[in-house]
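Input: a single structure, listed below in structure tokens.
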Amino acid sequence: MLTAEHWPQTSMKAARSWSFTACRASSLSHYSRFFQLPGVFRAVFIFLYAMKMQTRSIFTGLSIVLLLAACTKQSKETTSGPLTDVNAYWLGQADSVQSSLDSLSQKAGRHEEAAVLQDYFARARRYFKHMESLTQFYFPEEYARINGPALLRMEEYEDKIIIPTGFQVLEEKVFSDSLDYATVQHETKVLQVIIRNLQNTIHSNTLTDANVFESARLELLTVMAMGISGFDSPIAFQSIAEAKASLQGVAALTDFYDSRLTDENIRTAWHNQLQSAYAYLDKPVDFNAFDRATFIADHLNPLSKLLHQYQHAAHVPNNTFLTAVNLEKSTFFEPGVFNVDHFAPTFNRGLKPAVAELGKVLFFDPVLSGNNHRACASCHVPSKAFTDGKVKSVAFDFQGAVARNAPTLINAGFQQSQFWDQRVSFIEDQVSNVIANPIEMHGHMEASALKLMKSAAYRAMFKNAFGQDTITKRNMQTALASYIRSLSGLNSRFDQYMRGSKSSLSQNEVTGFNLFMGKAKCGTCHFAPLFNGTVPPLYRETESEVLGVPARPDTVHAKVDSDKGKLVTYNRSLHAYAFKTSTVRNAALTAPYMHNGVFKTLDEVIDFYNRGGGAGIGIDLPNQTLPPDKLLLSKKQQAQIIAFLESLTDNSALANVPTSLPAFNDARLDKRKIGGEY
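FYI, full-length UniProt numbering numbers position 396 of the sequence shown as 396, with every residue one higher than the one before it.
In structure tokens, the structure reads:
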């Protein structure tokens, strides 16, 4: 959580992350005191720090002022009625976690057998799952310290390594083949200190009914996307039992609101559906055999709908601030459930359709390039899911090739960073970067704006979109980014299956999804339902991974590709060979694959992961984040995963291309080709 002393040095990306959680920040004790100040003093305080930020962050600082004002009303809600019970429950579960960890530490001190330690570890995990929803919602940073991956991390903007802590680190020690009791005790104590600090903060926390229900509903998304995939139980494989504990935690929160319900049918339906879900999770099947597709479609989705109804029946409105998930929708597969504006800068939200329509014309117009022959659509072709089918796109004026494979733009709006190396946060910056790049479009935004001003048709389009016919770099960026954000493809056959059309998928495809989310571990990086690397349920970060991608499709004498990825941008050693986790939606249309286009088919991609990534083909990268273990997928299972990936195709509504380009009354320019010549 960013505090005041960090603001002068913060980046726009970090500031946006802070603003996203500002309403929850009142939970922390020092923020609670801050919110007790008169509104005008809060505004002045934030504004003064905003003025000290880097120039590009000033606008974000001003937006924080407005956001804090919007949060004020929520911060005044007192802890009374159900909220008192909710807070007591939260603290009680934290106490139970601590008690279980105390026992674990004591047993380790007496060198008791591994099974005993593992039992107390499992108990602590279950209690933590009861409180996961509130902890993750109110304190995402503390949650990451408690339950984040056991991987070294490095901040993009700070030259320091973050040592992992928490349950996943402890799990590695407790379930190790060679038990080190001293290390188990040490990691247990570290975890207890973090939770003790959390407990102290909970005591001074201010809850609201809206936040309680939002956290509960997002917990169902966490169970689906992170829980049953094994993301946070990668060694013990306790994810199915822990999913039940998570649902029990959600049920406990709603129980405190039972007295507010006037419709007994909703209460009965909710509790009956919970019991049905518990029974399904209690079935004696192992992690790999668990039918996740059925659990989501027949249990989690109905629970999500009923919890939505329950909230309304309890007369609890949703929060009014913008979040990634649109909680006016009842399930996480409904059209419009993700707010693309959440991922956009504040100046590019809620714009009228004419802006995106203008952006579409600009996207296909080569007039933005340095030679009037190259357009954005040259490398992002609608029929190929906005890729180009090449290993690497042809460079400007046919001078070789660009540095990396062209990624799909469909659903690109649902990410917190852009480019393979994540060097910018917003699509607005991405489009200007590409246009200015001498080997891509070799253009100039300001020069292009002057060129567009010579077209009466373009001036009219800009006036219709922005209310003024003056064409600026900002408006060009805004229009292009708005169009790209409109490229949402979340209506595949898989989505239709999850909306109730069970005939939309074959049994092979359903099995492929279960493998993707289970044995193959794909879902631990490509998170459902977006299936990209943006982390649910808050969607504050888009992850990168070090996979050990080879330079050539060679499994015998493999050499790592020379492109060092994020290291070039951030100059942080842990970022060597790291690349953004892209979406696998529309993967059937986006060959070749990886940042360098090394794999021509999905079969090659699945084989690479089945071997353990680079480590499995002889590439030794100490910082590889992909587990090096072989997945032991059979040929049939690999084919089933590919069948599932093919069910994620949704490109039909996005392939519309302008039928003409605005005239310039210039014979040379008016001959330009829609989509560019190459």
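Virtual Cβ for every residue (Gly too), placed ideally from N, Cα, C.
Fair warning: this is a prediction, and the values are worked out from it, not measured in the lab.
request  = With a 10 Å radius around its C-beta and 16 neighbouring C-beta atoms as the bar for buried, classify serine 660 as buried or exposed.
outcome  = exposed
key: Reference arginine 668, options Glu141, Asn372 and Ser133, closest by Cα   = Asn372
inquiry  = Give me, in chain order, the residues of the same chain whose beta-carbon lies closer than 6 Å to that of lysine 559; leave out the 5 immediate sequence neighbours on both sides.
reply    = Ala551
task = Taking 8 Å as the threshold, find out whether the stretch 236 to 247 comes into contact with the stretch 158 to 168 through three or more Cβ pairs.
result = no
Local conformation of methionine 154 per DSSP, three classes = strand
query = From what residue to what residue does the beta strand (DSSP E) around alanine 655 run?
reply = Premise fails: alanine 655 is in no beta strand (DSSP E) and is neither H nor E.
inquiry  = Measuring straight from C-alpha to C-alpha, what distance separates serine 488 and glycine 523?
reply    = 20 Å
Cβ-based burial, alanine 182 [other Cβ within 10 Å; buried from 16] = exposed
inquiry  = Here's the rule I'm using: 16 or more other beta-carbon atoms within 10 Å means buried, otherwise exposed. How should glycine 640 be labelled?
reply    = The residue asked about is misnamed: residue 640 is glutamine in this sequence, not glycine. It is buried - the Cβ of glutamine 640 has at least 16 other Cβ atoms within 10 Å.
message = Bridge partners for glycine 565 per DSSP, in chain order?
response = Ala578
query = Cα separation between isoleucine 194 and alanine 94?
reply = 11 Å
query = My guess is that alanine 216 and serine 133 are in contact by the Cβ rule of under 8 Å, so how many angstroms apart are they, rounded?
reply = 5 Å
message = For leucine 307, tell me which candidate among Ser634, Glu214 and Val568 has the shortest Cα-Cα distance.
response = Glu214
query = Quick one: does arginine 125 have its CB under 8 Å from some CB of chain B?
reply = Among the protein chains of the structure shown there is no chain B, as only one such chain exists.
ask   = If you draw a straight line from the alpha carbon of serine 99 to that of alanine 88, how long is it in whole angstroms?
value = 16 Å
inquiry  = Could you check whether alanine 377 and threonine 408 sit closer than 8 Å to each other, using their CB atoms as the reference points?
reply    = no
ask   = Assuming glycine 618 contacts lysine 630 under a Cβ cut-off of 8 Å, what Cβ separation, rounded to an integer in Å, is found between them?
value = With a Cβ gap of about 13 Å, glycine 618 and lysine 630 do not count as contacting.
task = Just the C-alpha distance for glycine 512 and alanine 456, rounded to the nearest angstrom, thanks.
result = 53 Å
message = Please report the distance separating the alpha-carbon of serine 484 from that of aspartate 650.
response = In the sequence under discussion, the amino acid at residue 484 is isoleucine, which differs from the serine named in the question. Looking at the two C-alpha atoms, the distance is approximately 15 Å.
query = Count the other CB atoms within 10 Å of the CB of arginine 585; is the residue buried (16 or more) or exposed (fewer)?
reply = buried
Beta-carbon proximity check, tyrosine 143 vs alanine 324, cutoff 8 Å = no
Contact between the stretch 490 to 504 and the stretch 258 to 275 (3+ Cβ pairs under 8 Å) = no
request  = Give the straight-line distance between the Cα atoms of aspartate 666 and tyrosine 458, rounded to the nearest whole angstrom.
outcome  = 14 Å
key: Boundaries (first-last residue) of the beta strand (DSSP E) holding valine 546   = 544 to 546
request  = Give the single residue among Glu158, Lys173, Leu602 and Ala297 whose Cα lies nearest to the Cα of methionine 224.
outcome  = Ala297
query = Can the beta-carbon of methionine 517 be found closer than 8 Å to that of isoleucine 146?
reply = no
query = By how many angstroms is the C-alpha of glycine 109 removed from the C-alpha of threonine 583?
reply = 46 Å
inquiry  = Which same chain residues end up closer than 8 Å to alanine 356 when comparing Cβ atoms and leaving out the 5 residues on each side of it in sequence?
reply    = Ala479, Ser482, Tyr483, Arg485 and Ser486
request  = Could you work out which residue in Phe333, Gly443 and Val391 is closest to glycine 597 when comparing CA atoms only?
outcome  = Val391
query = Quick one: Cα of glutamine 199 to Cα of arginine 123, how far?
reply = 18 Å
inquiry  = I'd like the ranges of any alpha helix (DSSP H) spanning at least 4 consecutive residues and lying wholly in the stretch 90 to 152.
reply    = 114 to 138 and 140 to 147
Endpoints, the alpha helix (DSSP H) within which glutamine 496 is located = 493 to 498
request  = Identify the continuous alpha helix (DSSP H) that holds cysteine 376 and give its terminal residues.
outcome  = 376 to 379
ask   = So is asparagine 301 buried or exposed if we call it buried at 16+ other beta carbons inside 10 Å?
value = buried
request  = For glutamine 175, collect the residues of the same chain with a Cβ closer than 6 Å to its Cβ; drop the 5 residues on either side in sequence, then sort them by chain order.
outcome  = Position check: residue 175 holds phenylalanine in this sequence, whereas glutamine was assumed. Excluding residues within five positions, the ones whose Cβ falls inside 6 Å are Ile235 and Ala236.
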